[in-house]
Amino acid sequence: MRRWFFKPLLIGAAASLVSCAGALQPFSPAMVDCRGGVDCDRKWSRAARWVAINAFYPIETRTDSLIKTSGPWGKSAGVAASVIKTPAPDGSAWIVASFECAGVAGCAPTPEHLSRTFVAYVSGASSLAADIPRPDLHARAPAPLGDPLLIFQ
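This is the structure we're talking about:
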């Protein structure tokens, strides 16, 4: 009788893990302001360079107001980026970057590190565009066991 008490709890816990396994993990956005004209052009160019170097996925869209990478796919810990430039009536603008991954155990690198380095590079406080190591996602995968159908033949 007692062993049946824990069965619904275990089933519920397993179901909740399965339901969140493929969920995207968005982060709070990183924001940089620009004064318009040359300042905005320079910062927008730096934002595109930062994304090209640091995002795990390649850029699929680049316009005057949007930089977006492909992904995230599967359960990858690699980070996808989306950067939007929102103009203000006075000619200034906000450059807002958001990052997401589909990793169950989190994302590599961390969202805090991404936000800090994005803001520092785009605002001009840092000259380093590539101080973030890309995750070697395939190095952590277990060795393949082979085709299970061939094992039993």
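Residue numbers (mature numbering (1 follows the signal peptide of the UniProt record, and there is no 0)): -23 to -1, 1 to 130. Backbone N, C-alpha and C fix where the C-beta goes; we use that ideal spot for every residue, glycine too.
Exposure of residue i, with buried meaning 16 or more beta-carbon neighbours within 10 Å
i: residue 101; result: exposed
i: residue 91; result: buried
i: residue 60; result: buried
i: residue 82; result: exposed
i: residue 86; result: buried
i: residue 66; result: exposed
i: residue 28; result: buried
i: residue 88; result: buried
i: residue 94; result: buried
i: residue 55; result: buried
i: residue -6; result: With a pLDDT of 35 at residue -6, under the threshold of 50, the predicted position of this residue should be treated as unreliable, though the coordinate-derived value follows. Label assigned to residue -6: exposed.
Cβ-Cβ separation, residue j to residue i (assumed contact under 8 angstroms), whole Å
i: residue 44; j: residue 70; result: That pair is no contact at about 14 angstroms.
i: residue 57; j: residue 32; result: 6 angstroms
i: residue 35; j: residue 53; result: Incorrect: roughly 14 angstroms between the Cβ atoms, too far for contact.
Residue i - containing beta strand (DSSP E), residue span
i: residue 7; result: 7 to 11
8 angstroms CB neighbourhood of residue i in its chain, flanking five on each side removed
i: residue 20; result: 9, 11, 72, 99, 100 and 101
i: residue 118; result: For residue 118, the predicted structure reports a pLDDT of 43, less than 50, and the residue's modelled location is therefore unreliable. A value from the coordinates is still provided. The answer is none, since no qualifying residue turns up.
i: residue 38; result: 44 and 45
i: residue 103; result: 94 and 97
Own chain residues within Cβ distance below 7 angstroms of residue i, not counting five before or after
i: residue 64; result: 70
i: residue 50; result: 79
i: residue 42; result: 61 and 62
Sequence-distant residues of its chain with Cβ nearer than 6 angstroms to residue i (five each side left out)
i: residue -3; result: For residue -3, the pLDDT reaches just 39, beneath the cut-off of 50, and the residue's location in the model is therefore unreliable, leaving the point undetermined.
i: residue 22; result: none
Min CB distance residue i to chain C below 9 angstroms
i: residue 22; result: Here chain C cannot be found, since the structure has a single protein chain.
Requested in this report: Ignoring anything shorter than 3 residues or poking outside the stretch 13 to 94, list the beta strand (DSSP E) runs there in chain order.
Outcome: 36 to 39, 43 to 46, 57 to 64 and 70 to 78
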